[in-house]
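According to the UniProt record's numbering, the sequence shown is numbered sequentially starting from 1. Heads up, the beta-carbon is just placed ideally off N, CA and C, and yes, glycines get one too.
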Amino acid sequence: MSQLGKRKGADPDLRHKFRKAYRAHVGSEVPNEQRWTTEQYPGVDSVMSYSERMSTGYRWYHKQGDVAPAFWFGYGLSYTKFEIGDPRLLEEGSSHSIVADVANVGSRDGVEVVQLYVTWPSHSLGASEPPAQLRGYRRIRVSAGERSTVHFEVTSDMLRLWDESAGRWLVPAGTYTLYVSKDAGTLGRGITVAWP
């Protein structure tokens, strides 16, 4: 065990940022995993085209559906085990909040990073967006055998998208799906919110 694990209350709570495609044939090359065109990479006459728009990183994997990374964005290890409950919606006047219980079902105190993902309405602006995007996260310390609640206030800033034709940020009206998760690959059950 590392020195970190020997210290009282220490928990690495590290999260994975880099994604690499997983293939069943270990050791085989995965050329052009992201299916880039020559215009995208390496480019033509030293000019690269960013036609993938927002579909990069974990968002690209969500959109493809047939390729999964070995470790999803946000994946991490701990010396204990956490379970995140289903999200619940709290409405207070015109504000919306999403809450979820985080239970430490392991034998050690630890820290979990809980993430909030949003899926936009499927019409208009939201149709071209990747299926789910990170819009918030909370780092929460929970003692062994205990349960705590994580809270996300949903704001219009979290839901806005850039409208190229209008040249400004807009919040599309419609039904959004919000997920509370430990990483981008285990979104679980979502909760729907009508906005505005």
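Contact under 8 Å by Cβ, residue i with residue j
i    : j    : result
A68  : Y61  : yes
K63  : E112 : no
V102 : F82  : yes
A166 : G106 : no
W195 : Y179 : no
V118 : M158 : yes
Residue i versus residue j - alpha carbon distance
i           : j    : result
T192        : S156 : 15 Å
R168        : G110 : 42 Å
Q133        : V171 : 15 Å
G76         : R139 : 13 Å
N104        : G43  : 48 Å
I84         : S97  : 16 Å
W162        : S148 : 35 Å
residue 229 : G174 : Nothing about residue 229 can be reported from this structure: the residues present for the chain run from 1 to 196 only.
E146        : D86  : 17 Å
S128        : E92  : 31 Å
S46         : D66  : 31 Å
S2          : E164 : Note that S2 scores 47 on pLDDT, short of 50, meaning its location in the model is unreliable; the coordinates nonetheless yield the value given after this. Whole-angstrom Cα-Cα distance: 51 Å.
G41         : R160 : Position check: residue 41 holds Tyr in this sequence, whereas Gly was assumed. Using only the alpha carbons, I get a separation of about 29 Å.
S49         : L90  : 43 Å
With 16 other Cβ atoms within 10 Å as the buried cut-off, status of residue i
i    : result
H151 : exposed
G74  : buried
T37  : exposed
L187 : buried
Cβ distance (whole Å) where residue i is taken to contact residue j below 8 Å
i    : j    : result
L116 : R135 : 5 Å
R59  : P130 : 4 Å
W72  : G190 : The Cβ separation is near 16 Å, so there is no contact.
P95  : E153 : In the sequence under discussion, the amino acid at residue 95 is Ser, which differs from the Pro named in the question. S95 to E153, Cβ: 7 Å. Contact.
Y79  : R108 : 5 Å
In chain order, each beta strand (DSSP E) run of at least 3 residues that lies wholly inside the stretch 76-124: Here the runs fully enclosed are 82-84, 88-92, 95-104, 110-119.
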